[in-house]
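Just below is one structure, and these are the notes that go with it.
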Amino acid sequence: MNAKVEPDRNGPAGDFWAALDEGQLKFQRCRACGHAQLPAREECVNCLEADLEWEAAGGEAKLISWVVYHRAFHDAFKDDVPYNVAVVELAEGPRLMSNILAETSALKIDMPLTLDYGEKFGQTIPQFRPA
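Okay, structure coming up:
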């Protein structure tokens, strides 16, 4: 049996996972400089202010890069190989790691994507499909 992979719900990451539990992908935006960021942090990576708010993503994104795993990085994913791990840029600016629900041969840099939600180990996760 595969070991379950638990998300880190401590600190600002907890709000990210709680939003996914409610069916929303959220990112942080700095009230001081307007910078949008993921992963969640306690201060803005751009100006270092701690005045952050959560904003819901609209669901549009583009593909920045990806790799394909032919051997599972963790035993919990051994039945999923081959699978892709992608860097996705939301239309609002922040980037996150996810995966694309498409054949690897169809993936292209700057490919328009749309947000979808999946589930892994009982946790809602953000995934993307070609738009």
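Yeah, the sequence shown ends on 186 if you go by the numbering used here, and it's all consecutive. Cβ atoms here follow ideal geometry from the backbone N, Cα and C, with glycine treated the same way.
Spanning the alpha carbons of C99 and G148 requires a straight line of approximately 14 angstroms. In the structure shown, A91 falls within a strand segment according to DSSP collapsed to helix, strand and coil. By the Cβ test, the segment 89–99 is not in contact with the segment 115–127, since fewer than three Cβ pairs between them sit closer than 8 angstroms. Under the 10 Å beta carbon count, S153 is surrounded by 16 or more other beta carbons and is classified as buried.
Contact holds between the segment 98–113 and the segment 79–88, because three or more Cβ pairs, one in each stretch, are under 8 angstroms apart. It is roughly 18 angstroms from the alpha-carbon of A127 to the alpha-carbon of I180. Counting every other CB atom within 10 Å of its CB across the protein chains shown gives V136 a total below 16, marking it as exposed. Positions of the alpha helix (DSSP H) runs, each at least 4 residues long and wholly inside the segment 100–178, cannot be given because no such run exists.
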